[in-house]
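As structure tokens, the structure follows; a few thoughts come after it.
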Amino acid sequence: MTPKRKERKMVSMGQCYYNETIGFFYNNSGKELSSHWRPKDVVVVALGLTVSVLVLLTNLLVIAAIASNRRFHQPIYYLLGNLAAADLFAGVAYLFLMFHTGPRTARLSVEGWFVRQGLLDTSLTASVATLLAIAVERHRSVMAVQLHSRLPHGRVVMLIVGVWVAALGLGLLPAHFWHCLCALDRCSRMAPLLSRSYLAVWALSSLLVFLLMVAVYTRIFFYVRRRVQRMAEHVSCHPRYRETTLSLVKTVVIILGAFVVCWTPGQVVLLLDGLDCKSCNVLAVEKYFLLLAEANSLVNAVVYSCRDAEMRRTFRRLLCCLCLRRSTHESARYAPSTRTGASTRIMLPENGHPLMDSTL
Numbered sequence: 471m472t473p474k475r476k477e478r479k480m481v482s483m484g485q486c487y488y489n490e491t492i493g494f495f496y497n498n499s500g501k502e503l504s505s506h507w508r509p510k511d512v513v514v515v516a517l518g519l520t521v522s523v524l525v526l527l528t529n530l531l532v533i534a535a536i537a538s539n540r541r542f543h544q545p546i547y548y549l550l551g552n553l554a555a556a557d558l559f560a561g562v563a564y565l566f567l568m569f570h571t572g573p574r575t576a577r578l579s580v581e582g583w584f585v586r587q588g589l590l591d592t593s594l595t596a597s598v599a600t601l602l603a604i605a606v607e608r609h610r611s612v613m614a615v616q617l618h619s620r621l622p623h624g625r626v627v628m629l630i631v632g633v634w635v636a637a638l639g640l641g642l643l644p645a646h647f648w649h650c651l652c653a654l655d656r657c658s659r660m661a662p663l664l665s666r667s668y669l670a671v672w673a674l675s676s677l678l679v680f681l682l683m684v685a686v687y688t689r690i691f692f693y694v695r696r697r698v699q700r701m702a703e704h705v706s707c708h709p710r711y712r713e714t715t716l717s718l719v720k721t722v723v724i725i726l727g728a729f730v731v732c733w734t735p736g737q738v739v740l741l742l743d744g745l746d747c748k749s750c751n752v753l754a755v756e757k758y759f760l761l762l763a764e765a766n767s768l769v770n771a772v773v774y775s776c777r778d779a780e781m782r783r784t785f786r787r788l789l790c791c792l793c794l795r796r797s798t799h800e801s802a803r804y805a806p807s808t809r810t811g812a813s814t815r816i817m818l819p820e821n822g823h824p825l826m827d828s829t830l
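Okay, here's the thing in structure tokens:
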């Protein structure tokens, strides 16, 4: 390479476009920036607003239930509350997106676009990371033959802090470092101000979370099934043992199935865009797949909360606007259920200790 060509390349690499309009970056990436409301935009916004409102209402209900019921003032429910908070934040972020999309995108400044993107990235990362934290704590409590209520408060708090540090890191990095404002040839098509490598890393990290969740829940399932079979050898084969195993299978399938259905399509297109697949028409489906990923924040509230019998009773009391005194009185009338949560409460004595007491 001659000195002149080398100098010209260095100048090009050192040039940044911080003062350009959003339209400049969209034209560079080949992503259409509409100047009027198209039917497609109206449908996406209508669906997005509906999902956002449902996400906000359901997760507010979960947080209110955890705050109002003393039975939920346990470390494992703090993780559930953190999941609801992350999903609530995701609902707010998606609502913000719906009010700043379509023709309104062109009116955003570069800083405003990064705020819009950062809110989404931070909230969705926090939600996914909390799902992994819940799986890890489930695994720990089962393997340690320990009740969820006896989990160390400090450990759960550290997990929650770690979740939000990771989420804020991934959410803030694009605006301060991981963008393509100084390297237009690296710009993504789906997110024209972000580097393709950021999208690839985000997609791969979500895939890693899923694989870890599969490993954790698979280990829990086989561990519990082995203990159930061992107990059945010493006790007459009670139908409850088979019911316990089937319920655990159902729980694992629901948790992992919901994650796959909601997240896989979006992660695939993110990865394809991050790998610069020229022949892949990722722009045709990106908005719908993002909406599907956002819907996971609604599914989480159902899977991790609404399947808990005590949580459902608390929901009914809140929705019926009963006073706190009567709510506390009625709660005391219910004995602890032997089958609560997204997984069955399993009480298999071994050396005088329960094998698992899962309320999630």
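Mapping of the sequence shown onto this note's numbering: position 122 corresponds to residue 592, and the numbering continues sequentially without gaps.
Each residue gets a CB set at the ideal place from its N, CA and C atoms; glycine is no exception.
Contacts around L848, its chain only, beta-carbon distance under 7 Å, and the 5 residues preceding and following it disregarded: The question about residue 848 has no answer, for the chain in this structure spans 471 to 830.
Where S579 falls, given that 16 or more other Cβ within 10 Å makes a residue buried: Exposed, because fewer than 16 other Cβ atoms sit within 10 Å of the Cβ of S579.
Helix, strand or coil at V597 [DSSP, three-state]: Reading off the sequence shown, one finds Ser at residue 597, where the question assumed Val. Residue state, collapsed to three classes: helix.
Burial state of R608 (16 or more Cβ within 10 Å): That one is buried.
For T600 and V633, believed in contact at Cβ under 8 Å, the rounded distance: At roughly 5 Å, the Cβ-Cβ gap stays under 8 Å, so V633 and T600 are in contact.
Close beta carbons around G500, own chain, < 7 Å, minus the five adjacent residues each side: Within the same chain, R659 come within 7 Å of G500 by CB-CB distance, once the 5 residues on both sides are set aside.
Check whether L629 and Y687 have beta carbons under 8 Å apart: L629 places its beta carbon 8 Å or farther from that of Y687.
Test item: CB-CB of D743 and L669 under 8 Å: The answer is yes: Cβ separation under 8 Å.
Simplified DSSP assignment, three categories, for D775: Here residue 775 turns out to be Ser, not Asp, going by the sequence shown. Three-state DSSP puts S775 in a helix.
Sequence-distant residues of the same chain with beta carbon closer than 7 Å to W507, five excluded per side: So the qualifying residues of the chain are G572 and P573.
Given Y774 as reference, the closest of I533, A645 and L503 once Cα atoms are compared: Ranking the options by Cα distance to Y774, first place goes to I533.
Alpha-carbon to alpha-carbon, N529 and A771: Near 6 Å, if we compare the C-alpha coordinates of N529 and A771.
Where the alpha helix (DSSP H) containing S749 begins and where it ends: Counting along the chain, S749 falls outside any alpha helix (DSSP H), and DSSP gives it neither H nor E.
Sequence-distant residues of its chain with Cβ nearer than 7 Å to V583 (five each side left out): The question names Val, but residue 583 in the sequence shown is Trp. Take W583, set aside five residues on each side of it, and the residues of its chain with a beta-carbon closer than 7 Å to its own are I492 and L663, in chain order.
Exposure label - M683; buried when at least 16 CB within 10 Å: That one is buried.
Secondary structure, alpha helix (DSSP H): runs of 4+ residues fully inside the segment 489 to 531: Fully enclosed alpha helix (DSSP H) runs of 4 or longer: 492 to 499.
Range of the contiguous alpha helix (DSSP H) that encloses W634: Note, W634: alpha helix (DSSP H), H623 to H646.
Three-pair Cβ contact test at 8 Å for the segment 729 to 746 versus the segment 673 to 683: Put simply, the segment 729 to 746 touches the segment 673 to 683. At least three CB pairs are less than 8 Å apart.
First through last residue of the alpha helix (DSSP H) which encompasses N539: In this chain, N539 is not harboured by any alpha helix (DSSP H), its DSSP state being neither H nor E.
G624 burial status per 10 Å Cβ neighbour count (16 or more: buried): With fewer than 16 neighbouring CB atoms inside 10 Å of its own CB, G624 falls in the exposed class.
Extent of the continuous alpha helix (DSSP H) run through M568: Annotation for M568: the continuous alpha helix (DSSP H) segment containing it runs P545 to M568.
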